[in-house]
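Visitor:
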Amino acid sequence: MTDDQQPGRWPELLRKSFGRSFWVFVVVALAAGALCYFVLGAEVFAAGLARDRALLADFLPRVAAAQVVAGFVWVLIPRDRLSEFMQHGRGGRGLVLATAAGAITPGGPASAFPFLAILAGSGADRGILVAYITSWALLGIQRIIVWDIPLMGIDFSMFRLMIGAPLPIIAGLMARRIRIDLVLESTPPPDSRR
Amino acid sequence: MRELGGLFIYAAAIALALYTLSRRDATFRAGVRRALEQSLTLLPRMIFALVAAGFIVRLIPTEIIVSYLGSEAGFKGILIGSLTGLIVPSGPAVAFAIAAAFALEGASVPALVAFLTGWSVFAAHRVIIFEIPLLGAHFLRLRMLSVMPLPIIAGTMALLVTGF
Chain A
84 MTDDQQPGRW PELLRKSFGR SFWVFVVVAL AAGALCYFVL GAEVFAAGLA RDRALLADFL
144 PRVAAAQVVA GFVWVLIPRD RLSEFMQHGR GGRGLVLATA AGAITPGGPA SAFPFLAILA
204 GSGADRGILV AYITSWALLG IQRIIVWDIP LMGIDFSMFR LMIGAPLPII AGLMARRIRI
264 DLVLESTPPP DSRR
Chain B
-3 MRELGGLFIY AAAIALALYT LSRRDATFRA GVRRALEQSL TLLPRMIFAL VAAGFIVRLI
57 PTEIIVSYLG SEAGFKGILI GSLTGLIVPS GPAVAFAIAA AFALEGASVP ALVAFLTGWS
117 VFAAHRVIIF EIPLLGAHFL RLRMLSVMPL PIIAGTMALL VTGF
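Line by line, the protein sequences are chains A and B. The letter at position 108 of the first sequence is residue 191 when you use my numbering, and the numbering goes up by one with no holes. The letter at position 10 of the second sequence is residue 6 when you use my numbering, and the numbering goes up by one with no holes.
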């Protein structure tokens, strides 16, 4: 996602938001709609369209509010300190720290994976690396705020968070047991500030 | 349940806005700017992702989804949910839209947990775009072996907690 804060990036952002992946979604939506219309008939198509409208009216205000929350969380969490924080623990404590760090890492994969590469380069063990990225994928607070709560409801999200909490630690323990050689592409990318 | 989630989000947005304003530094502006940038990049895609998911769910016969992921499917629902999660090679917009549509059609909570867990840990697009270039195939193999059982574990735990 967008990681820089330089001014004057709106035209670039607009190009990005209506870029190729946007048109892929448009084409898929049109194709699915057309298939619905021609295979299942006009009535099912109309019902689908009505439900789409209801879903959008239902979701959009909440998604917008979630974006506001995610924006503030993103600026409030000191991302450069996360790395320091992760170096403090080995053993079981390290896995717990890695899980916590993964959950609070803001931003999409464009921030989490470069951060993972930095950790790998700084000599974190395989358990910590796997626990960190698993936690980011499963428990990442930003994703829960932006997608999980608005679309699935808070009860389900909190339930899934509770069930998911021990999983990164399990994955980290598994990674430490698996005896395969680990050769890393350990050169961090040029803009590896976070 | 939906209403509570909405209220929570709005309350959190207002609380964070007030807090960052009270700091009297650039935090509020930076946060608003970040939110606008993210909304601009996400919302157009999200709108069409939801529309697509709505039609796709119509195209997949409802009874089949319910019989595979519904509450009477039990452990089989967890297995199918995990496998479905593996084959959704896209970002959270589509994955969560599909999950929400499954939920409306009557998929069980353990099956939904297994689906979202499977998608979270495997998401193929992330592997191709970020993981292989930045960490390499060795790390990918190690991670895949480590997270393989997680969707089943998550679904089973959800099944145990929600009661049979």
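Even glycine gets a Cβ: it sits at the ideal position worked out from N, Cα and C.
#1: Near Ala49 (chain B), which residues of its chain fall below 7 Å by C-beta distance, leaving aside the five closest residues on each side in sequence?
#2: If contact means a Cβ-Cβ distance below 8 Å, which residues of the segment 94 to 112 of chain A contact chain B?
#3: 9 Å is my cut-off, CB to CB: does Val117 (chain B) come that close to chain A?
#4: Quick check on DSSP: helix, strand or coil for Ala26 (chain B)?
#5: Count the other CB atoms, across all protein chains shown, that sit within 10 Å of the CB of Glu95 (chain A); report buried if there are 16 or more and exposed otherwise.
#6: For my contact list, Ile149 (chain B) and Ala115 (chain A) are in at a C-beta cut-off of 8 Å; report their separation, rounded to the angstrom.
#7: Determine, using beta carbons only, whether Ile52 (chain B) comes closer than 9 Å to chain A.
#8: Could you name the residues of the same chain whose beta carbon sits closer than 6 Å to that of Gly177 (chain A), not counting the 5 residues immediately before and after it, in chain order?
#9: Is it the case that the Cβ atoms of Ile59 (chain A) and Ile224 (chain A) are separated by a distance below 9 Å?
#10: In the DSSP assignment, find the alpha helix (DSSP H) that holds Phe98 (chain B) and state where it starts and stops.
#11: By Cβ distance below 6 Å, which residues in the same chain neighbour Thr80 (chain B) in space, the five residues on each side in sequence not counted?
#12: Where do the N-terminal and C-terminal ends of the alpha helix (DSSP H) with Ile253 (chain A) fall, by residue?
#13: Just how far apart, CA to CA, sit Ile237 (chain A) and Asp231 (chain A)?
#14: Any Cβ of chain A within less than 9 Å of the Cβ of Leu46 (chain B)?
#15: Of all the CB atoms in chain A, is at least one closer than 9 Å to the CB of Val84 (chain B)?
#16: Touch check for the segment 34 to 45 of chain B and the segment 114 to 126 of chain B: three-plus C-beta pairs under 8 Å?
#17: Please report whether the beta-carbon of Ala147 (chain A) lies at a distance below 9 Å from any beta-carbon of chain B.
#18: Under 9 Å, Cβ to Cβ, is there at least one residue of chain A near Leu79 (chain B)?
#19: Which residue wins for smallest C-alpha separation from Gly185 (chain A), given the options A:Ala207, A:Trp157, A:Ile216, A:Phe239?
#20: Run the CB neighbour count on Val152 (chain A), radius 10 Å, all protein chains shown included, and call it buried at 16 or more, exposed below.
#21: Quick check on Phe92 (chain B) - is its C-beta less than 9 Å from some C-beta in chain A?
#22: The alpha helix (DSSP H) with Phe128 (chain A) in it runs from where to where?
#23: How should Ser275 (chain A) be labelled, buried or exposed, when 16 other C-beta atoms within 10 angstroms of its C-beta is the threshold for buried?
#24: Take every Cβ of the segment 259 to 267 of chain A, pair it with every Cβ of the segment 122 to 136 of chain B, and state whether three or more of those distances are shorter than 8 Å.
#25: Kindly indicate which three-state DSSP category Gly206 (chain A) falls into: helix, strand or coil?
#26: Tell me the DSSP bridge mates of Gly66 (chain B)?
#27: Consider the Cβ of Ala120 (chain B): report whether some Cβ of chain A lies at a distance smaller than 9 Å.
#28: What are the residues of the segment 209 to 228 of chain A that lie near chain E, defined by any Cβ-Cβ distance shorter than 8 Å?
#29: Does the separation of the CB atoms of Pro249 (chain A) and Val146 (chain A) fall below 9 Å?
#30: Run the CB neighbour count on Thr83 (chain B), radius 10 Å, all protein chains shown included, and call it buried at 16 or more, exposed below.
#31: Taking the alpha-carbon of Pro129 (chain B) as reference, which of A:Met257, A:Ala200, A:Leu256 has the nearest alpha-carbon?
#32: With burial defined as no fewer than 16 other Cβ atoms inside 10 Å of the residue's Cβ, what is the status of Asp135 (chain A): buried or exposed?
#33: I'd like the list of long-range same chain contacts for Ile74 (chain B), defined as Cβ closer than 7 Å, with 5 residues on each side in sequence excluded.
#34: For Leu65 (chain B) and chain A, any beta-carbon pair shorter than 9 Å?
#35: Less than 8 Å between the CB atoms is what I'm expecting for Arg209 (chain A) and Arg259 (chain A), so what's the real figure, rounded?
#36: Report buried or exposed for Trp106 (chain A), applying the criterion of at least 16 other Cβ atoms within 10 angstroms of its Cβ.
Guide: Result, derived from the coordinates:
#1: For the purposes of this step, residue 49 (chain B) is taken as residue 53 along the second sequence, with counting starting at 1. Taking Ala49 (chain B) as the centre and dropping the five residues before and after it, the same chain places the C-beta of Val90, Ala93, Ile94, Ala97 closer than 7 Å to its C-beta, in chain order.
#2: Along the segment 94 to 112 of chain A, going in chain order, the ones with a CB nearer than 8 Å to a CB of chain B are Leu96, Leu97, Lys99, Ser100, Phe101, Ser104, Phe105, Phe108, Val109, Val111, Ala112.
#3: Along the second sequence, read from residue 1 onward, the residue named residue 117 (chain B) stands at position 121. Cβ-Cβ to chain A under 9 Å: yes for Val117 (chain B).
#4: As a working mapping, residue 26 (chain B) is identified with position 30 in the second sequence. Of the three classes helix, strand and coil, the one that applies to Ala26 (chain B) here is helix, per DSSP.
#5: Residue 95 (chain A) sits at position 12 when you count from the first residue of the first sequence. Flag for Glu95 (chain A) reads exposed.
#6: In the second sequence, residue 149 (chain B) corresponds to position 153, counting from 1. In the first sequence, residue 115 (chain A) corresponds to position 32, counting from 1. Wrong, their Cβ atoms sit about 33 Å apart, outside the cutoff.
#7: In the second sequence, counting from the first residue as 1, residue 52 (chain B) sits at position 56. Chain A, which has a Cβ nearer than 9 Å to the Cβ of Ile52 (chain B), makes this yes.
#8: By 1-based counting over the first sequence, the position of residue 177 (chain A) is 94. The residues are Ile211.
#9: For residue 59 (chain A) there is no data in the structure shown, the boundaries of chain A being 84 and 277.
#10: Looking up residue 98 (chain B) in the second sequence gives position 102. 88 to 101 is the extent of the alpha helix (DSSP H) around Phe98 (chain B).
#11: On the second sequence, position 84 is the one that residue 80 (chain B) refers to. Once the five neighbours on either side are set aside, the close Cβ partners of Thr80 (chain B) are Phe111.
#12: The count along the first sequence starts at 1 and reaches residue 253 (chain A) at position 170. 250 to 260 is the extent of the alpha helix (DSSP H) around Ile253 (chain A).
#13: Mapped onto the first sequence, residue 237 (chain A) falls at position 154. Mapped onto the first sequence, residue 231 (chain A) falls at position 148. Rounded to the nearest whole angstrom, the CA to CA distance from Ile237 (chain A) to Asp231 (chain A) is 8 Å.
#14: Within the second sequence, numbered from 1, the residue matching residue 46 (chain B) stands at position 50. So, interface residue.
#15: Walking along the second sequence from the start, residue 84 (chain B) turns up at place 88. Cβ-Cβ to chain A under 9 Å: no for Val84 (chain B).
#16: no
#17: For the purposes of this step, residue 147 (chain A) is identified with residue 64 of the first sequence, where counting begins at 1. With 9 Å as the cut-off, Ala147 (chain A) counts as an interface residue toward chain B.
#18: Position 83 of the second sequence, counted from the start, is the residue given in the question as residue 79 (chain B). By this cut-off, Leu79 (chain B) is not an interface position.
#19: Counting from 1 along the first sequence, the entry for residue 185 (chain A) is found at position 102. The option with the nearest alpha carbon to Gly185 (chain A) is A:Ile216.
#20: The residue labelled residue 152 (chain A) in the question sits at position 69 within the first sequence. It is buried - the Cβ of Val152 (chain A) has at least 16 other Cβ atoms within 10 Å.
#21: As a position in the second sequence, residue 92 (chain B) is number 96, starting the count at 1. Cβ-Cβ to chain A under 9 Å: yes for Phe92 (chain B).
#22: Residue mapping note: residue 128 (chain A) aligns to position 45 of the first sequence, counting from 1. Note, Phe128 (chain A): alpha helix (DSSP H), 125 to 159.
#23: Here residue 275 (chain A) is taken as the residue at index 192 of the first sequence, counted from 1. Low confidence applies to Ser275 (chain A): its pLDDT is 38, below 50, so where it sits in the model is not reliable enough to give any reading.
#24: Flag = yes, the segment 259 to 267 of chain A and the segment 122 to 136 of chain B touch.
#25: On the first sequence, residue 206 (chain A) is found 123 positions in, with the first residue counted as 1. Coil, per DSSP.
#26: Position 70 of the second sequence holds residue 66 (chain B). Gly66 (chain B) pairs with B:Ala103.
#27: Residue 120 (chain B) sits at position 124 when you count from the first residue of the second sequence. Under the 9 Å criterion on CB atoms, Ala120 (chain B) is classed as non-interfacial with respect to chain A.
#28: No chain E appears in the structure shown, which is made up of the protein chains A and B.
#29: For this step, residue 249 (chain A) is matched to residue 166 along the first sequence. For this step, residue 146 (chain A) is matched to residue 63 along the first sequence. No.
#30: Here the question's residue 83 (chain B) lines up with position 87 in the second sequence. Residue 83 (chain B) is actually Ile in this sequence, not Thr. Exposed is the call here.
#31: As a first step, residue 129 (chain B) must be located in the second sequence, where it is residue number 133. Of the listed residues, the one whose Cα sits closest to Pro129 (chain B) is A:Ala200.
#32: By one-based count along the first sequence, residue 135 (chain A) stands at place 52. Asp135 (chain A) comes out buried.
#33: The residue given as residue 74 (chain B) occupies position 78 in the second sequence. The beta carbon of Ile74 (chain B) lies closer than 7 Å to those of Pro106, Ala107, Ala110, Ile148, Gly151, Thr152, Leu155 in the same chain, with the five residues before and after it left out.
#34: Locating residue 65 (chain B) in the second sequence gives position 69, where the first residue counts as 1. Chain A contact via Cβ: absent.
#35: If you number the first sequence from 1, residue 209 (chain A) lands on position 126. If you number the first sequence from 1, residue 259 (chain A) lands on position 176. 6 Å between Cβ atoms; contact.
#36: Your numbering for residue 106 (chain A) matches position 23 in the first sequence. Classification for Trp106 (chain A): exposed.
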